[in-house]
Every structure is written in structure tokens, then in C-alpha cells.
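Below is one structure, written out as C-alpha cells; the observations come after it.
Numbering (the UniProt record's numbering), first residue to last: 1 to 706.
What follows is the structure in C-alpha cells.
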């Protein structure tokens with residue numbers, strides 16, 4: 001869950017409580033991206049689409065008892081949680097970030113912000129079954145079914161050798177005590193040696209096949225995960241931290257490790273438990289039944305404690321992801337941190353997050369240690385307990401001494417798969433918290449793309465027809481009723497104050513956003529019918545978010561374009577007025593750009609990006625503040641070059657010199673087109689553009705989008 005999605009997560013929990021099981025990812029896909037949080041009123045509107053009757057309340061903590069739980073509560077004036085139950089001195093809440101929390105009434109009262117939302121199903125409310133979250137990984141595991149079956153069979157053979165040991169123990173002791181003859185010791189030695197050899201062989205085969213299985217699962221899991229990640233729409237990345245996405249990707253390794261080792265173990269351990277229990281009961285049913293009952297009670301305790309394990313694991317992974325995201329974000333923003341002198345503040349905040357993560361990890365480890373200590377103690381005392389009880393039955397003649405030792409060996413062996421099964425359940429619970437985070441990627445809807453590909457007839461005619469756009473179905477419109485045509489070869493500037501919708505309009509042209517109402521088309525073909533990847537390759541783009549990569553200057557300009565030659569790169573660099581600078585460097589075009597291009601000035605970075613945009617001689621150029629860091633001489637050179645280019649140009653710039661030379665200027669205000677025309681025509685209108693030009697209204701900032 002992202003920081004702005006606690007409201008949606010709370011609504012998903014309410015829906016699940018009433019039987020409509022829906023993941024946050026599914027809910028987000030249906031509602032849209034929630035960039036800046038969501039209000040209670042919007043939650044009511046969303047709830048009504050799922051046939052929930054809603055009502056908001058302003059109530060004190062003591063008055064909440066009079067309302068029907070569960071309720072969505074405003075928490076600490078910035079967060080949403082679900083109220084599950086109020087007891088005398090305790091309150092149970094479901095926090096989307098940390099799961100179920102039991103709070104003292106005093107702490108609850110301090111955090112509760114006084115607003116509650118009740119959502120109750122109407123008659124036409126529909127239930128929905130829960131989708132198994134493990135299915136994606138189980139399918140991946142069974143893609144290697146031959147290896148999986150081989151590992152299973154070898155594991156069975158290996159455990160079968162373990163079953164022989166109690167029988168050999170019983171036979172050896174009884175034979176020695178009865179016959180007083182050591183003649184069987186030589187064949188016994190050979191039998192032990194044979195078991196040792198087969199054990200070594202089976203152990204090696206099992207380890208080898210598990211290594212192969214893990215390698216295949218790693219390949220499948222990581223390639224499918226990363227492939228899916230890059231196919232997700234732009235909005236997915238806008239609302240997520242890069243560090244947390246890397247953390248999720250790395251979580252696949254943990255999931256693979258548990259699945260490859262533990263999925264098979266579950267079946268084998270279950271089979272061994274039944275086998276050992278049957279053998280013990282067959283030897284002496286009284287002790288066999290006692291051991292079986294104690295063992296399964298121990299397993300039941302482990303299962304019941306898994307709820308606490310899940311809660312602690314969820315808090316741990318959440319704090320880990322938060323810490324990783326914070327660190328990644330601030331390392332990327334190190335320039336600002338240095339300039340502001342905030343190193344100590346950032347370190348202090350990181351230290352808080354790190355200590356929070358360590359505390360959550362410590363709580364989980366201590367909890368697991370308390371469970372393990374009980375298991376280990378029982379495992380340790382079990383052999384002595386069996387002897388103590390068993391001696392009575394030996395003296396009564398119910399069982400031989402050799403049989404008792406065999407029974408003792410079986411009981412010890414019985415505990416091994418039992419403990420293993422408990423550990424497996426605990427690990428699966430922990431892995432479940434990782435899977436919940438990864439499902440956000442796996443279940444998300446891929447970016448839609450059509451089949452139409454640009455060809456030699458591609459012209460760059462862009463049309464907006466009655467287009468409005470909002471980020472989610474219940475949010476306000478950022479762009480409203482846009483009707484606009486940009487003709488092939490036309491140079492258009494779109495200006496307006498910050499937040500007027502200029503960059504949003506540019507992203508609609510690129511298909512990064514999809515129009516909420518209306519249609520965007522290119523060359524009279526709706527954008528959703530274009531093959532977006534190939535369509536974008538025909539556009540030279542610099543957005544405000546465009547970055548340089550930690551590779552050579554050559555690779556930053558060429559961007560793995562297989563059709564690109566060094567001559568084409570040099571030509572583009574000359575057009576961007578960066579060639580002479582590159583050649584002055586010791587390594588020239590092979591000079592490696594540091595992360596985010598910090599080893600170059602802002603103007604040098606922009607000119608390298610311009611060279612990238614010019615490289616393929618695109619039919620459409622879309623430049624969002626692409627010359628804002630350039631000196632006037634460099635900007636004039638690039639402006640002159642753009643004037644000579646016969647392609648559709650959409651350029652966002654602050655400087656009026658760029659705007660004045662445009663064929664047409666579009667003025668945006670609060671998401672609407674309020675003026676359009678060339679420079680002279682707009683000056684003549686004496687409207688918003690006139691005010692801007694004459695600097696009469698300083699709050700109106702020029703940011704052309706050409």
C-alpha cells in the first residue's frame with residue numbers, strides 16, 4: 001500500500017468483512033490512481049458503486065460504541081484506519097500499514113481525529129470470493145514439474161532410510177540381548193555403511209536438483225516480475241518510491257527460497273508424520289498415541305501463533321520498505337540535501353526509520369525464539385520422557401527393551417518433520433507478507449496498447465476532441481473540455497501558470513495518461529489503437545522527469561538504438577550544441593555519466609538530452625522546459641535549429657523568445673483553453689497572455705508546451 005492509498009485499503013477491508021473480497025490492486029484498477037489521498041466523501045461515492053449505504057459521523061471516542069462496527073476512522077488527521085471492536089479498556093483497529101493493532105483506550109483517543117464513516121451493505125450487495133494469492137508462484141513452481149517430482153521422489157527415498165534406523169535399532173538390541181552373540185555385528189556394519197552411502201547419494205542428488213530448481217524458478221520469477229513491471233502504466237510509477245519497488249523485486253529471492261525448499265517439504269513432512277505415528281502406534285499404541293497427540297497439539301499451537309507471526313512480519317516488511325524507500329529517495333536527492341545543509345536531519349530521520357525497522361525485526365525474532373524454545377525443549381526432553389514411561393511397559397512385558405529403543409528413535413524422528421512443518425508454516429506466513437507487496441505488481445493491469453504501428457506515412461497530426469482528464473474517477477478534473485488540433489509541421493506553444501495542466505496535456509499526447517472523457521488521436525487514429533511503444537519511438541521527447549543514465553554519453557544519446565550509427569549520434573550532438581564539449585573530454589563520447597548526470601552542469605545535461613531527442617529526426621518533438629538551464633547563446637542556436645525543422649513541435653519553455661516565434665500559442669488556465677493565436681494576435685486581445693507579456697500579473701508564469 002502506498003502512503004496515499006490508506007482510504008482505499010480501508011474500504012477494501014470493509015468490503016472483505018461483508019464478503020466481497022477485493023484486493024487493493026483490483027480496487028485501484030477500478031477507481032484509478034489516488035495521487036494525493038482521498039476524502040471521506042469520495043470514499044462514500046466509491047462505496048455506493050459497490051452497493052454500500054454510507055453515512056459520515058462526527059463522534060467522540062466514547063460515542064463510537066453506539067455505531068455499528070466496522071467503521072472507517074480518520075486517524076491522526078492524515079490517515080484512515082478501520083475500527084473493528086471496542087472493549088472496556090482496549091480498542092482493536094485494522095491499520096492498512098501495520099495490520100491489526102490492539103491499543104489502550106487512552107492512546108486510541110489521542111490518535112482518533114473525531115470523524116467516522118459507516119458503510120453497510122444494501123440488498124443488492126454482492127459477495128465475491130477471495131483469489132488465492134499464491135497461485136502465481138505455485139504455477140511457476142509447477143512449470144519445473146519434472147525437477148519438482150524428482151526432488152520429491154529423492155526426498156522420499158532419503159526419508160525412507162530414516163525409517164529403517166528405528167527398525168535396525170530394535171533388531172540389533174533385541175538380538176544382542178537374547179542371543180548374547182556378536183556374529184550379526186559384521187553384517188550390521190555393512191548395512192550401516194550401505195545406508196550411509198545411499199544417504200550421501202540421495203543428499204547430493206536432492207541438493208543438486210534443488211539448486212537447478214531454484215535457478216529455474218529465479219529465472220522465471222524475476223524475468224516475469226521485471227517484464228510485468230516495465231509493462232505497467234506510467235501512473236503506477238508516479239505514486240511509488242523506486243527504492244520500495246527494488247525491495248519488492250528482491251523479495252522474489254526470499255519467496256523462491258521458501259517455495260523451492262518448503263513446498264516439497266510440506267508433503268514429505270506430512271507423509272512422514274503419518275508414517276512415524278503409524279509405526280509408533282503399531283509398536284506400543286499407548287505411547288504412540290501419546291506422542292502423536294502431544295505432537296499435533298504442538299503443531300496446533302504453531303498454527304494459532306501464526307496470526308501473531310503474520311502481524312509482526314507485516315510490520316517488519318513495511319518498516320523495511322519504508323526505510324529502503326527513504327534512503328533511495330534521499331541518495332538521489334543528495335545535491336539538495338548538501339545545498340540545504342540537511343545531512344544531519346536526513347541522517348536523524350533515517351536513523352529513526354532504521355531503529356523502527358530493527359525494533360520490529362527484534363519483536364518478530366523474539367516471538368519466533370519463544371516458539372522455537374518451546375519446540376526445542378520438548379524435542380530435547382522427549383527421548384527421556386519416552387524412556388521414563390516406556391520402562392514401565394518393558395517391566396510389564398508389553399514391549400522388549402529393543403522395541404523401546406526403537407520407539408524412542410521413532411519418537412525423536414517424529415519430532416523432526418513436526419518441527420520442520422511448524423517452521424514451514426511460520427516461513428510461509430512471513431513470505432505471505434512479501435507476496436502481498438509483490439501482488440501490487442503481478443495483479444496490476446498492464447498498459448493497454450493497440451496494434452497500429454507508425455510507418456513512412458506518419459505525419460504527426462494531433463487532435464484533442466472534447467477531452468477531460470482526472471487522475472481517478474472521483475477526483476476533480478485537471479483538464480476540462482479540451483478541443484485542440486496541432487497540424488503536421490506546426491510549432492505550437494502552450495502556456496499557463498503552474499498547475500494549469502500543461503505537462504498533463506503533454507503526457508496525454510504520449511499516451512502516458514488516458515483521457516477520462518473524449519478522445520486523443522494522432523493522424524486521425526485514436527491513441528489507444530496505436531502500438532504505444534513504437535509510436536513513442538517516433539517522438540523526440542524531453543519531459544521534466546527525463547533523466548540521464550549511469551552509462552556513457554554515447555549510450556545516453558543512442559539509448560540502445562540498434563539502427564543508430566556514431567555519425568548519427570555526432571550529428572544530433574552538433575544540433576544540440578554539445579559536440580565540442582564532449583570532444584573536449586578525455587574519453588569523448590565514452591565518458592561515463594554519473595547517476596542522474598551529477599558530473600555535468602544543468603545546461604550540459606539538457607543538451608545531451610536534446611541530442612537524444614533529435615537523434616531519430618522524429619516527426620513530433622515534445623520538449624517540456626528542455627532549454628530552461630541553457631545560456632542565451634546556446635538557446636538561440638537550438639531555437640534557430642528548431643525553426644528550420646519541418647516537424648510537429650510541442651515545446652514547454654519559460655522564455656518568451658521561444659513563445660513569440662511559435663506558429664500558435666495556446667493559453668491554459670485551470671485546465672481550460674482560454675486563448676489561442678500567434679503572439680501578435682494574443683497581444684491584441686489584451687487578455688491573460690497580454691498580462692503575462694507586460695508582466696502586469698506576476699503570479700502568471702509562462703511555461704509554453706510546444
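By construction, the Cβ of each residue, glycine as well, lies at the ideal position given by its N, Cα and C atoms.
The structure displayed is predicted, hence computed values, not measured ones.
TODO: Can you tell me which of 210, 303, 98, 113 puts its alpha carbon nearest to the alpha carbon of residue 152?
DONE: 210
TODO: Rounded to whole angstroms, what's the CA-CA distance from residue 110 to residue 333? Just pull it up for me.
DONE: 35 Å
Task: residue 319 vs residue 360 beta-carbon contact at 7 Å - done: yes
Task: Alpha-carbon spacing of residue 48 relative to residue 54, whole angstroms - done: 7 Å
Task: Three or more C-beta pairs below 8 Å linking the segment 192 to 203 and the segment 299 to 311 - done: Here the segment 192 to 203 does not lie against the segment 299 to 311, with fewer than 3 beta-carbon pairs under 8 Å apart.
Open item on the list: Need the endpoints of the alpha helix (DSSP H) that residue 572 sits in, please.
Closed with: 566 to 575
Open item on the list: Taking the straight line between their C-alpha atoms, what separation do you get for residue 287 and residue 389?
Closed with: 8 Å
- [ ] Report yes if the C-beta distance between residue 478 and residue 270 is below 7 Å; otherwise report no.
- [x] no
Task: Three-state secondary structure (DSSP) of residue 392 - done: helix
Open item on the list: For residue 471, tell me which candidate among 513, 484, 486, 435 has the shortest Cα-Cα distance.
Closed with: The option with the nearest alpha carbon to residue 471 is 513.
Task: Extent of the continuous beta strand (DSSP E) to which residue 469 belongs - done: Its beta strand (DSSP E) spans residues 462 to 469.
Open item on the list: My output table needs one value for residue 725: the three-state DSSP class, helix, strand or coil.
Closed with: This structure leaves residue 725 out entirely; the chain is present only between 1 and 706.
Task: First through last residue of the beta strand (DSSP E) which encompasses residue 517 - done: 517 to 522
Open item on the list: Comparing C-alpha positions only, which one of 168, 482, 208 sits nearest to residue 190?
Closed with: 168
Task: the segment 620 to 628 touching the segment 592 to 599, judged by at least three CB pairs closer than 8 Å - done: no
- [ ] Would you tell me roughly how many angstroms separate the C-alpha atoms of residue 469 and residue 673, rounded to the nearest one?
- [x] 14 Å
TODO: Please determine, among 550, 464, 406, the residue with the shortest C-alpha to C-alpha distance to residue 171.
DONE: Residue 171 has its Cα closest to that of 406, out of 550, 464, 406.
Task: Member of 284, 50, 422, 433 whose CA lies at the smallest distance from the CA of residue 369 - done: For the residues 284, 50, 422, 433, the minimum Cα distance to residue 369 belongs to 422.
Task: Minimum C-alpha distance to residue 10 - residue among 68, 81, 597 - done: 81
Task: Residues near residue 647 by beta carbon distance below 7 Å, same chain, minus five either side - done: Contacts found: 460, 489, 618, 619, 620, 621.
TODO: Taking only the alpha-carbon atoms, compute the straight-line gap between residue 366 and residue 293 and give it to the nearest angstrom.
DONE: 27 Å
Task: Local conformation of residue 110 per DSSP, three classes - done: helix
- [ ] Given a cut-off of 7 Å, decide if residue 521 and residue 463 are closer than it, judged by their beta-carbon atoms.
- [x] yes
Open item on the list: At a threshold of 6 Å, does residue 6 count as lining the ligand NAP (C-beta to nearest heavy atom)?
Closed with: Although the ligand NAP was asked about, the structure shown includes no ligands whatsoever.
- [ ] Check the C-beta distance from residue 14 over to residue 119 and give it rounded, since I have them as a contact under 8 Å.
- [x] Separation of the CB atoms of residue 14 and residue 119 is rounded to 5 Å, and the pair is thereby assigned contact status at 8 Å.
Open item on the list: Quick check: residue 92 and residue 84, are their CB atoms within less than 7 Å of each other?
Closed with: Closer than 7 Å, so yes.
Task: Residue environment, residue 399, which counts as buried when at least 16 other CB atoms sit within 10 Å - done: In summary, residue 399 is buried, with 16 or more beta-carbon neighbours lying within 10 Å of its beta-carbon over all protein chains present.
Open item on the list: Counting C-beta neighbours from all protein chains within 10 Å, is the total for residue 347 16 or more, i.e. buried, or is it exposed?
Closed with: exposed
Open item on the list: Need the endpoints of the beta strand (DSSP E) that residue 495 sits in, please.
Closed with: 491 to 496
TODO: In angstroms with no decimal places, state the Cα-to-Cα distance between residue 260 and residue 213.
DONE: 7 Å
- [ ] Give me whichever residues DSSP pairs with residue 478 in a beta bridge.
- [x] Residue 478 pairs with nothing; no bridge assigned.
Task: Same chain only: Cβ atoms within 7 Å of residue 541, ignoring 5 sequence neighbours per side - done: 510, 613, 622
- [ ] Please report the residue range of the beta strand (DSSP E) in which residue 675 lies.
- [x] Taken as a continuous stretch (DSSP letters only), the beta strand (DSSP E) holding residue 675 covers 672 to 677.
Open item on the list: Can you tell me where the alpha helix (DSSP H) holding residue 31 begins and where it ends?
Closed with: 24 to 31
TODO: Could you tell me whether the Cβ of residue 362 comes closer than 7 Å to any Cβ of chain D?
DONE: Of the chains in the structure shown, none is chain D; there is only one protein chain.
TODO: Pull up the distance between the alpha-carbon of residue 222 and that of residue 678, whole angstroms please.
DONE: 52 Å
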